[in-house]
Amino acid sequence: MVHALQSVRKLLVPHGIVIEVHNLPVPPVIEVHSGTSIIKVGWLLDKTDFEVERSAFNALFQVIENGEYLLDDQRDFLFNTQVDDLQEMQSWLDQWWESAILSELTNKKIKAAMDQAGKGSRIVTVIPTRMVKLRVK
Numbered sequence: 004m005v006h007a008l009q010s011v012r013k014l015l016v017p018h019g020i021v022i023e024v025h026n027l028p029v030p031p032v033i034e035v036h037s038g039t040s041i042i043k044v045g046w047l048l049d050k051t052d053f054e055v056e057r058s059a060f061n062a063l064f065q066v067i068e069n070g071e072y073l074l075d076d077q078r079d080f081l082f083n084t085q086v087d088d089l090q091e092m093q094s095w096l097d098q099w100w101e102s103a104i105l106s107e108l109t110n111k112k113i114k115a116a117m118d119q120a121g122k123g124s125r126i127v128t129v130i131p132t133r134m135v136k137l138r139v140k
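First residue of the sequence shown: 4, per this note's numbering; consecutive thereafter.
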């Protein structure tokens, strides 16, 4: 990632900006939503212990520390993904997050919460995310 940020810097005009967005290296919360009801059921773990996310933040630190960019701003927000059922959640994980771990116990809790919440409920994965604005020196 350091190399990518250094390559992008060469393409930017003086004082140009880069916006970098990455998930924070913490387990996302899994919730079941229905109307105004929210049931928290557990976390989504990662086989790599969020190595990609930690590497991205280390790369940002390195290019700022090296003086290649200035840290202009950063903001944290929650990025929610929503699916209708466990099958759709598993398909999403297979396609977008191969290293995710959805434990059998959390699966059972999701099923129970979906039954409790009833028709129209959705599974929501709440992913803590950070947006960083860098400026070329």
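Note that the Cβ used here is the ideal one computed from N, Cα and C, for glycine as well.
Under the three-state DSSP convention, the category residue i falls into
| i | result |
| --- | --- |
| residue 4 | coil |
| residue 69 | coil |
| residue 124 | coil |
| residue 53 | coil |
Cβ shell of residue i (< 6 Å), same chain only, five flanking positions each side left out
| i | result |
| --- | --- |
| residue 84 | 128 |
Integer-rounded CB distance, given that residue j should sit under 8 Å from residue i
| i | j | result |
| --- | --- | --- |
| residue 138 | residue 20 | 5 Å |
| residue 22 | residue 136 | 6 Å |
| residue 120 | residue 10 | Contact doesn't hold; Cβ gap of about 47 Å is too wide. |
| residue 47 | residue 105 | 6 Å |
Sequence-distant residues of its chain with Cβ nearer than 7 Å to residue i (five each side left out)
| i | result |
| --- | --- |
| residue 34 | 41, 42, 43, 44, 127 and 129 |
Among the options, the one whose alpha carbon lies nearest that of residue i
| i | options | result |
| --- | --- | --- |
| residue 32 | 121, 112, 136 and 135 | 112 |
| residue 131 | 63, 106, 39 and 79 | 79 |
| residue 115 | 89, 82 and 51 | 89 |
Buried or exposed by the 16-neighbour rule on C-beta atoms within 10 Å, applied to residue i
| i | result |
| --- | --- |
| residue 24 | exposed |
| residue 56 | buried |
Residues near residue i in its chain [Cβ-Cβ closer than 8 Å; skip 5 each side]
| i | result |
| --- | --- |
| residue 125 | 35, 36, 37, 85, 86 and 87 |
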